[in-house]
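Colleague: Shown below is the structure under consideration.
Number of protein chains: 6
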Amino acid sequence: MVLGHATWQEVRDLDRDTVALLPTGSCEQHGPHLPLLTDTLLVSAVAREVEKALPNDVLLLPAIWLGASSHHMAFDGSMDGTEVAYAESVRATLACLATHGFHHTFVLNGHGGNTSYNDTACRRHKAAHPGHVVGHSGYFAWIEADLLDKTLEGPVKTIRHACEAETSLMLHLHPDLVRMDRARDDGLATVPPVPGLVWHFDECTEEGSHGYATLATAEKGRALFEASVAGVTAAMEAIRQGVALFPAEH
Amino acid sequence: MVLGHATWQEVRDLDRDTVALLPTGSCEQHGPHLPLLTDTLLVSAVAREVEKALPNDVLLLPAIWLGASSHHMAFDGSMDGTEVAYAESVRATLACLATHGFHHTFVLNGHGGNTSYNDTACRRHKAAHPGHVVGHSGYFAWIEADLLDKTLEGPVKTIRHACEAETSLMLHLHPDLVRMDRARDDGLATVPPVPGLVWHFDECTEEGSHGYATLATAEKGRALFEASVAGVTAAMEAIRQGVALFPAEH
Amino acid sequence: MVLGHATWQEVRDLDRDTVALLPTGSCEQHGPHLPLLTDTLLVSAVAREVEKALPNDVLLLPAIWLGASSHHMAFDGSMDGTEVAYAESVRATLACLATHGFHHTFVLNGHGGNTSYNDTACRRHKAAHPGHVVGHSGYFAWIEADLLDKTLEGPVKTIRHACEAETSLMLHLHPDLVRMDRARDDGLATVPPVPGLVWHFDECTEEGSHGYATLATAEKGRALFEASVAGVTAAMEAIRQGVALFPAEH
Amino acid sequence: MVLGHATWQEVRDLDRDTVALLPTGSCEQHGPHLPLLTDTLLVSAVAREVEKALPNDVLLLPAIWLGASSHHMAFDGSMDGTEVAYAESVRATLACLATHGFHHTFVLNGHGGNTSYNDTACRRHKAAHPGHVVGHSGYFAWIEADLLDKTLEGPVKTIRHACEAETSLMLHLHPDLVRMDRARDDGLATVPPVPGLVWHFDECTEEGSHGYATLATAEKGRALFEASVAGVTAAMEAIRQGVALFPAEH
Amino acid sequence: MVLGHATWQEVRDLDRDTVALLPTGSCEQHGPHLPLLTDTLLVSAVAREVEKALPNDVLLLPAIWLGASSHHMAFDGSMDGTEVAYAESVRATLACLATHGFHHTFVLNGHGGNTSYNDTACRRHKAAHPGHVVGHSGYFAWIEADLLDKTLEGPVKTIRHACEAETSLMLHLHPDLVRMDRARDDGLATVPPVPGLVWHFDECTEEGSHGYATLATAEKGRALFEASVAGVTAAMEAIRQGVALFPAEH
Amino acid sequence: MVLGHATWQEVRDLDRDTVALLPTGSCEQHGPHLPLLTDTLLVSAVAREVEKALPNDVLLLPAIWLGASSHHMAFDGSMDGTEVAYAESVRATLACLATHGFHHTFVLNGHGGNTSYNDTACRRHKAAHPGHVVGHSGYFAWIEADLLDKTLEGPVKTIRHACEAETSLMLHLHPDLVRMDRARDDGLATVPPVPGLVWHFDECTEEGSHGYATLATAEKGRALFEASVAGVTAAMEAIRQGVALFPAEH
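Protein chains in written order, with our numbering: chain C, 174 to 423; chain H, 174 to 423; chain V, 174 to 423; chain S, 174 to 423; chain R, 174 to 423; chain G, 174 to 423.
Here it is as structure tokens:
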């Protein structure tokens, strides 16, 4: 069920084992060729497809687009929720879901910068509701290394920012919003030389994108998208049916 | 320009007199016949039409859907941003706009419960940026009393909640999301007997709606919608061109 | 009963249907002729008179004078509670009243800048205590348009700031604090050209006052004052006796 | 100068070496015989007298009455600012004074429960404005032990709560608000057996008062009051003239 | 029991009348001859000795070293917890102790700048847990004036900052961390000329120390240390056995 | 240089390219055999060894022991900084370092539950100081998979909680604090069946430990410890010398 399109009585009648699924994105620069809302559009598309696959088992919330993007603020149009606005939006949403009796909640993330806030929001929610099943992860976590390796042609075999993978996903889902003539490869390293360094995108890119966008195709995008949808769908189904967190075996 | 669909370089190239327009809505019960996202859908439609009319003068932001809805929480599916999440989201958005050099900002509201938070957010923004032109108002503020009086057939001649007016607007814009067979008139009073009382919707409605939804038509909705769009467009144009706040005359 | 003059045992013995009445004002510039504490003095006088009329039905609290006045800070001596100090003071006061068992509370406001904060404080209080009757309004809300129209001679027929109406009220209540020789009319417009714009007083006045202060008289002030007192008294009486929020009729 | 009675232009014309003096009190139970506002009334009276003695050197602010009184909440009518409301009110007031250019500020306290908050507020203010002279102290700090010893007849030779000293001060200043027929001595210890213990008044009094209220007289009150006024006046004068914090000697 | 060295099962098995003892210090300049962690080292040593004396009656927590030191920030290496970090750390620690069932808690302080925050933290904790015994005090509060008078040779007969007393304590406990060749006497006054003034150390010292450090000896330090340990031990024992806050007598 | 043992003048004289190193740990249950302070002890030992290797290039801060441990609160003695206390402590520490001119800062973490807070604190710090080099990582991040694989005998080849690896490290560093007779293997799964689930330790362990503690030896601990020290040392050296975040190559 799509929450925003439902009436309150339809929500009232839902089974409370339903998994409430909150997509989180961003509105931040994605290089010269992708629109600012890219992360929100991608995660929303995955989440929508999962809801279509499991209409009775998933309650899909609207996406939060005002993500945590302080590392992009040097680029015009990037909107940073600051940690307060973003983190509190996730928390308030989770809290309302609990108020309405939903005890299975999952935050599906489309923007790496949100990860730590999603984690702290979910942990706070879990502390307030110890019996609930609560989780968060990027939609990209279900696109396995093997598939990336096989699908991506450029030397960067992970999903970075406005890269071959993200551009492919956008070509598959929103080709009208991609300026392929502006796509470029910057050939810069995509990981810092010391683990754990925090960086701003104007320190490590030339025009805001990472990786090999010129190699993107809609076909590659479709492959990655379908893998993500399949993985998230299976995960939501498992939560819906009641996971035993740590089954006794090894 | 639609911010979410633009690239950062396109935003960079915008004239800074452009009016940044932020729609704010809610996700809360709208009676048995309208979807939870009604306020967000309506204000987004008005704002989108204004942007179409003034593509070079308006920068349209994505809508904030997690509004201030504590007075609806007795109804399933209503999401309350609590004051922190909602107010901080508006504030962070305004602050980012200022960071990028935009000094004309307007919050277009679709949900009465947001009004006080929009006011305090705008006042804080103005205090931080005294030279900026900052404003907020409901899209409904431009639908004049005369038009409402003429258009609405029921005894309630104002825009309430899931009422004749809102239902008409939805029939005009999103007929597929209206369950007209569930629409009902509750005939209850719509204002409290003592001015200033704060109320919850479960104290003053039977199923969450106010007024005479059964009288709604798409045609009425179109009339109200066009009036709002025309009014907001003129206002944004005036701000774009530089209003003198209080011209010397009377 | 005046809370500040009572002992705790006298409060203990009060009927809990008593309406707790909290006046809220400001300490901010009021043009060249009125003192900074004008709003606090006026609302306190109205509230005190209401308490005298209903000594057994109203519990009058001391006024909060540190209002929300960021729009006056360009004028020396203006004190701005900032939103935190002011809003939290109202909230804490309401919370303590609930702790002591009072379930009828009303915030009587003397300063327009406080309105949004009073609203959010009352809504938060209501959310925490859904069964309580909670409200807020300006003392001026009970001075009806007809009376203003008839009483005020200048072209501005509403209560603005350090204007004909406020100056008249001060001449009636605190003539010793009015510098009538400094009063002036600035003839400027008192509403912005676009609805909803947020303004600072140094953008729209010459010396901090609005309207036609030279036309003020104590007699006019008495008429407005008595109208307000009568209206607030009736409202408090209604709350004391238990209003049905939305009686079923139209 | 009394801030609340001044116009903004009069404040504008003040010398910025003027000492801004903020009285802080409480609204909390004071036993069966003193009114809830006792602390606010007493500190306001001292501060007002100081301003009369130094009209050109002191800018007197309105008193903050919503003090920090969590330890009195078991008694009806006590209002607790909670730490947020109270501390932020002091902070906002100090900040506004700095905005208007005042660099000599003193918080004169009438309620022991406020002391730690006044300290942290002043320290934060000092950290933000290192060059300013900032201080806080109880009005009672200037009533020396010798005088207390000589003046008070009961065995408790300090100022406690609704005790011989406070009741005497009230008899001197507000005899109409004292219910002497309700005054009582409880004979309980007034200090805890282990230094530093935090206590609530319902743990250590019978009806909320400490000490020997029946011994109070207006004459004693006058002596204590005059000592406090003289001491505070001298201190304000010293600050006005520019204290060297730690003159080089010993 | 030392909390940090215990297992959770050992804590589980503790009697809940045990006094939880939290030492609080600082990391701030202590003149040219003492290390930044001086306050933390001293209070930890006292607390550890108390725990050794009462191993079954005291649960010793690790020290909080990030104290409130805004008044030292002009000196390199000083770390200021700001009020949020420090105060919240004390509060969170007390709250966790209550969660685990401990109802006797004492904060033993080694840094004057922490006092007000310890007070507000303890008061908030007490308000949340009215039946608990909660206290806070400096370890130096148990070193009586007589002993100081007899032990200290310089003209300053109190414990100040990096002074004769503190340097002696460090010579007794951590002689390897004292640079006695850098010790100096600055001969400056150690109290401000007006009571209650808030000061920064760069306003009132030459190199950050107060008083007569050159007179310090390990022997003096031992005397002061033993007095403090004896006093705190007795106090903890009294709390452990259940103090009656205000026994009825005088 | 060890900050806590230095004087302010020694810190003043440090080269500002020095890397400030902040260890962060926890005080939380570590099964029946390890002490509550395990994480703090381990990370402190690594950090101390790094400082010994690079005494002129690293400024070692005291460890923050009050970590984020809400997921352990079901076990007695666990202390949870709550997100406010912990996160603000890291933030305040980083902010003070910047105040004193240090622009190379690294948070070395010993407790997985702190990771997201360290990330948000570092990102906020970076946003405030865009030119600084700021990073955070677990000390365990430098113990490579190969070494773990080779060193650990049990089936769990990663560092979990009170497991073979942590117990070995403690046997190497603090054998006196390990109760090997209480060590146990629970054989439970150590990862949840759905990625991203948030869990509490009482949901997935029997006595708070994960993995195969009985297989721990001091020799294994030494190997892991030395690997971590070597890795962190190299990283600090690189930062000290000025890393180019993203050198241009691939």
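Beta carbons are placed, not taken as given, at the ideal position from N, Cα and C, and that holds for glycine.
1) Who are the neighbours of P208 (chain H) on chain C, taking C-beta pairs under 7 Å?
2) Note down the Cα distance separating L215 (chain H) from C377 (chain H), rounded to an integer number of angstroms.
3) So, do the region 224 to 243 of chain C and the region 191 to 201 of chain C have three or more beta carbon pairs nearer to each other than 8 Å?
4) What residues in its chain sit with their C-beta under 6 Å from that of W238 (chain C), if we drop five residues either side in the sequence?
5) By Cβ distance below 6 Å, which residues in the same chain neighbour R185 (chain C) in space, the five residues on each side in sequence not counted?
6) Give a yes or no on whether the minimum CB-CB distance between T255 (chain C) and chain H is below 8 Å.
7) Does the distance from the C-beta atom of Y312 (chain R) to that of G283 (chain R) stay below 8 Å?
8) Can you tell me whether T278 (chain G) is buried or exposed, with buried defined as 16 or more other CB within 10 angstroms of its CB?
9) When the Cα of E128 (chain G) is compared with those of G:R357, G:R333 and G:V306, which residue comes out closest?
10) Please list, in chain order, all residues of the same chain as G274 (chain G) whose beta carbon is under 6 Å from its beta carbon, the five residues on each side excluded.
11) Does any residue of chain G have a CB that is nearer than 8 Å to the CB of D358 (chain R)?
12) Examine chain V for any beta-carbon lying closer than 8 Å to the beta-carbon of L239 (chain H), and answer yes or no.
13) Taking the DSSP output, what are the residues bridged to T278 (chain G)?
14) Please report the distance separating the alpha-carbon of L321 (chain H) from that of K330 (chain H).
15) Using only alpha-carbon positions, find the residue among C:A220, C:A391 and C:L209 that is nearest to R253 (chain C).
16) If you reduce the DSSP assignment to three classes, tell me which class C269 (chain V) lands in.
17) Does the distance from the CB of A271 (chain H) to the CB of Y259 (chain H) come in under 8 Å?
18) Going by beta carbon distance, what residues of the same chain come within less than 6 Å of H276 (chain V), once the five residues before and after it are set aside?
19) What are the start and end residues of the alpha helix (DSSP H) that includes L227 (chain G)?
20) Report the start-end ranges of each alpha helix (DSSP H) in the region 359 to 385 of chain C that is 4 residues or longer and not cut off at the edges.
21) Hey, is G384 (chain C)'s beta-carbon within less than 8 Å of any beta-carbon in chain H?
22) So, for K393 (chain V): in the same chain, excluding its five sequence neighbours on each side, which residues have a beta-carbon less than 6 Å away from its beta-carbon?
23) With a threshold of 16 other CB atoms inside 10 Å of the CB of G177 (chain S), please say whether the residue is buried or exposed.
24) In whole angstroms, what separates the C-alpha of I334 (chain G) from that of T406 (chain G)?
25) Just how far apart, CA to CA, sit V263 (chain S) and S262 (chain G)?
26) Return the CA-CA distance between A356 (chain S) and S401 (chain S), expressed in angstroms with no decimal places.
27) Only counting the same chain, and skipping five residues up and downstream in sequence, which positions put a Cβ closer than 6 Å to that of N287 (chain V)?
28) Got a sec, what are the start and stop residues for the alpha helix (DSSP H) G404 (chain R) sits in?
29) Starting from M343 (chain H), follow its DSSP beta bridges and name the residues at the other end.
30) What's the call for A408 (chain V), buried or exposed, on a 16-neighbour Cβ count within 10 Å?
31) Sorted by chain position, which residues of the same chain lie with C-beta nearer than 6 Å to I332 (chain C)'s C-beta, five sequence neighbours on each side aside?
32) Give the range of the alpha helix (DSSP H) segment to which S289 (chain V) is assigned.
33) From S:H244, S:E326 and S:A396, pick the residue whose C-alpha is nearest to that of H345 (chain S); which is it?
34) Can you tell me where the alpha helix (DSSP H) with K323 (chain S) in it begins and where it stops?
35) Are the beta-carbon atoms belonging to A265 (chain G) and T255 (chain R) less than 8 Å from one another?
36) Let's test the definition: count the other Cβ atoms within 10 Å of the Cβ of D349 (chain S) and tell me whether it reaches 16, buried, or not, exposed.
Modeller: Taking the coordinates as given:
1) G177, H178, A179 and T180
2) 24 Å
3) yes
4) G198, C200 and T213
5) none
6) With respect to chain H, the C-beta atom of T255 (chain C) has a partner C-beta closer than 8 Å.
7) yes
8) buried
9) Because chain G is modelled from 174 through 423, residue 128 (chain G) falls outside the range shown and cannot be assessed.
10) R189
11) Between D358 (chain R) and chain G, the shortest Cβ-Cβ separation is not below 8 Å.
12) So no, L239 (chain H) is outside the interface.
13) G:A193 and G:V307
14) 6 Å
15) Just to set this straight, residue 253 (chain C) is Asp in the shown sequence, not Arg. Per the Cα distances, C:L209.
16) helix
17) No. Outside cutoff.
18) H305
19) Where L227 (chain G) is concerned, there is no enclosing alpha helix (DSSP H), given that its DSSP letter is neither H nor E.
20) 374 to 377
21) no
22) T324 and S341
23) Buried, by the Cβ-count rule.
24) The identity of residue 334 (chain G) in the sequence shown is His, whereas the question assumes Ile. Separation of H334 (chain G) and T406 (chain G) (C-alpha to C-alpha, rounded to the nearest whole angstrom) is 24 Å.
25) 25 Å
26) When rounded, the distance between both Cα atoms is 24 Å.
27) T197, G240 and A241
28) A391 to Q414
29) BP columns for M343 (chain H) are empty, so no partner.
30) buried
31) F313 and A338
32) T288 to A301
33) S:A396
34) A318 to T324
35) Closer than 8 Å, so yes.
36) Burial call: exposed.
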